[in-house]
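Just so you know, the protein sequences line up as chains A and B, in that order.
So the first sequence is numbered by the numbering used here: it starts at 26 and just counts up by one.
So the second sequence is numbered by the numbering used here: it starts at 26 and just counts up by one.
Note that beta-carbon positions come from the ideal geometry of N, C-alpha and C, so glycine has one too.
Bear in mind that the values here come from a model prediction, so they are computed numbers and not experimental data.
Each remark here refers to the structure printed beneath this line.
Protein chains: 2
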Amino acid sequence: MKILRSIFSVQKYIKQVRGKNKTIGFVPTMGALHQGHLKLVKEARRENAIVIVSIFVNPVQFGPSEDFKKYPRQIKQDSLLLDDEKVDVVFYPTVEMVYPRGYLTYVNVESVSEGLCGAYRPGHFKGVATVVAKLLNIIMPDAIYLGQKDGQQVAVLKRMVNDLNFPVKVKVVKTVREKDGLAMSSRNRYLNDEERQQAPVLWQALRSAQDMIRSGEYNSGKVVTAIMTHITEKSSAKVQYVCIVDKNTLEPLKECRKDAMIAVAVYFGSTRLIDNIII
Amino acid sequence: MKILRSIFSVQKYIKQVRGKNKTIGFVPTMGALHQGHLKLVKEARRENAIVIVSIFVNPVQFGPSEDFKKYPRQIKQDSLLLDDEKVDVVFYPTVEMVYPRGYLTYVNVESVSEGLCGAYRPGHFKGVATVVAKLLNIIMPDAIYLGQKDGQQVAVLKRMVNDLNFPVKVKVVKTVREKDGLAMSSRNRYLNDEERQQAPVLWQALRSAQDMIRSGEYNSGKVVTAIMTHITEKSSAKVQYVCIVDKNTLEPLKECRKDAMIAVAVYFGSTRLIDNIII
């Protein structure tokens, strides 16, 4: 497994591979890898001749009061995990390479970026779209692998790839969960024991909502209220939002029908957790 | 010469060509072709195995009060000209193909898009950057050919290509002029006889300014005043702006030194003309 740090070295590698007509699967990450990331890597490995994983904590997608500085960085441990998955290349650039002096260009997916997490993290999805546009141009993969856990990110990036005609397939991989249902996340490590014990309440509430809908309750307002009640009664979490939206456009739905996504964000202390379920 | 109307048909063509390892030169246009465009095409022809020209009047780069509807469209005449230049493919999509229902993604080059023409045409360069990003992803050329006449467009697109890591070379081709110095432009046809006779005043004023600087007058304020006086005394044109800026960042310069661009925009009646000179 190669660890490449410069854009130029990746481009050179890609050129060689392309000449041999090999397909490239790409997994963008911010490192601090868990089983959710590794599921993406396994999918990419299964479907492509070459697998490239990027590890880059992207400053542009963090707000000024967010956890950019304390976001976990563990390149050695991550590299060992990726080597075990038979990844071909880890692209691990510096911030200065990705955003050199005088950097000015941003990609924005309007509307889809603005609700849900976007409402509480202004500029977040512009940062995500911009860095992924750059990575797609550098790596020119045949397929990019994204986790469903970041449901809004999936919607934003699918829209961007489609709108800007990037020649890449977007593959969305099911959320990987701990045995108790908690969605894998690099931020779970911030939870203290009590919070960690309560955290599965997110998924439990989403599953109960699914049951509610299956038994005929399509009214979004009622389902949202049930989820909020469930979470606040069974945990110390503070709910940031519970929304029922179209999974592609992220437009709010009054009725939970086909292609509805129920998305939640809560705080346990200062740790923000998100999860979602597709109906 | 093929005229391809769908994105899919272009992508299919590109795939075949790429397999044969042929270089692709790309000239984006809005049609209504003149010798300036054809100079770009000739350069592309000279340097590449395959030449692709797009003809697309991009609604997103026109303001609501601008000339989108009346912008000249003459695909038959344009096709004949391009066929004469041995162009391989004309990509001539419809607006609905380029911006399908639900389109939401825009590329913005901050700062460089905001001065000069950008100040009077808000959103114009966002429209330019967005459509060129799309065309680059569809056509995947080795080189894109741009005319220096649109000096700010050149600066915006160079910055975008660099910032977003598009794997393409940007080739800038000198402005082609009528014998009397008027820069070729699809909008020159809007001028009446008197305006047409006066229009070379733009280039004359820029040349006089160049002489002034060569003889030691570096003060931008004085040079700008001289240009304004020249234009208003010798024509009926209304000056929109005269600016001396760094040709790459478009930041205003107090002194006309290396890499300075003097850019002018004027109105003859309702016809807006621009020109520039690099010092």
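Which word fits residue i, buried or exposed, when buried means at least 16 other C-beta atoms lie within 10 angstroms of its C-beta?
{"i": "residue 280(B)", "result": "exposed"}
{"i": "residue 309(A)", "result": "The requested residue 309(A) is not part of the displayed model; chain A covers only 26 to 304."}
{"i": "residue 254(A)", "result": "exposed"}
{"i": "residue 145(B)", "result": "exposed"}
{"i": "residue 276(A)", "result": "exposed"}
{"i": "residue 300(B)", "result": "buried"}
{"i": "residue 53(B)", "result": "buried"}
{"i": "residue 260(A)", "result": "buried"}
{"i": "residue 79(B)", "result": "buried"}
{"i": "residue 174(A)", "result": "buried"}
{"i": "residue 73(A)", "result": "buried"}
{"i": "residue 252(A)", "result": "buried"}
{"i": "residue 64(A)", "result": "buried"}
{"i": "residue 113(B)", "result": "buried"}
{"i": "residue 178(B)", "result": "buried"}
{"i": "residue 100(B)", "result": "exposed"}
{"i": "residue 155(B)", "result": "buried"}
{"i": "residue 176(A)", "result": "buried"}
Can you pull the chain B residues whose beta carbon is under 7 Å from the beta carbon of residue i, in chain order?
{"i": "residue 158(A)", "result": "189"}
{"i": "residue 134(A)", "result": "129 and 130"}
Strictly below 8 Å CB to CB, what residues from chain A border residue i?
{"i": "residue 162(B)", "result": "189, 190, 191 and 192"}
{"i": "residue 32(B)", "result": "190"}
{"i": "residue 222(B)", "result": "Per Cβ cutoff of 8 Å: no residues; residue 222(B) is ~40 Å from chain A at best."}
With a threshold of 8 Å between beta-carbons, can residue i be considered close to chain A, or not?
{"i": "residue 184(B)", "result": "yes"}
{"i": "residue 42(B)", "result": "no"}
Taking residue i as the query, report the chain B residues whose CB atoms sit under 8 Å from its CB, ordered along the chain.
{"i": "residue 137(A)", "result": "129"}
Does the CB of residue i have a neighbour CB from chain B at under 8 Å?
{"i": "residue 177(A)", "result": "no"}
Whose Cβ in chain B lies nearer than 9 Å to the Cβ of residue i?
{"i": "residue 36(A)", "result": "190 and 192"}
Are the Cβ atoms of residue i and residue j separated by less than 8 Å?
{"i": "residue 234(A)", "j": "residue 248(A)", "result": "yes"}
{"i": "residue 15(B)", "j": "residue 32(B)", "result": "No information on residue 15(B) is available, as it lies outside the stretch 26 to 304 that chain B covers here."}
{"i": "residue 133(A)", "j": "residue 244(B)", "result": "no"}
{"i": "residue 272(A)", "j": "residue 285(A)", "result": "yes"}
{"i": "residue 28(A)", "j": "residue 51(A)", "result": "no"}
{"i": "residue 269(A)", "j": "residue 230(A)", "result": "no"}
{"i": "residue 17(A)", "j": "residue 304(A)", "result": "Any question about residue 17(A) goes unanswered here, given that chain A covers just 26 to 304."}
{"i": "residue 97(B)", "j": "residue 158(B)", "result": "no"}
{"i": "residue 266(B)", "j": "residue 141(B)", "result": "yes"}
{"i": "residue 55(B)", "j": "residue 108(B)", "result": "no"}
{"i": "residue 88(A)", "j": "residue 149(A)", "result": "yes"}
{"i": "residue 128(A)", "j": "residue 151(A)", "result": "no"}
{"i": "residue 47(A)", "j": "residue 75(A)", "result": "yes"}
{"i": "residue 116(A)", "j": "residue 35(A)", "result": "yes"}
If contact is defined by three or more beta carbon pairs under 8 Å, each pair taking one atom from either stretch, is the segment 177-192 of chain B in contact with the segment 132-140 of chain B? yes
Counting pairs of beta carbons, one from the segment 118-125 of chain A and one from the segment 81-92 of chain A, are three or more of them closer than 8 Å? yes
Would the segment 160-170 of chain A count as touching the segment 95-104 of chain B if we require 3 or more Cβ pairs under 8 Å? no
If you pair each beta-carbon of the segment 184-199 of chain A with each one of the segment 222-239 of chain B, do three or more pairs fall below 8 Å? no
Stretch-stretch touch, CB-based, cutoff 8 Å, three pairs: the segment 59-68 of chain B with the segment 167-175 of chain B: yes
Indicate whether the contact test is met: 3 or more Cβ pairs, each with one atom in the segment 202-216 of chain B and one in the segment 281-296 of chain B, closer than 8 Å. yes
For the pair the segment 225-232 of chain B and the segment 194-209 of chain B, tell me if three or more CB-CB distances fall below 8 Å. yes
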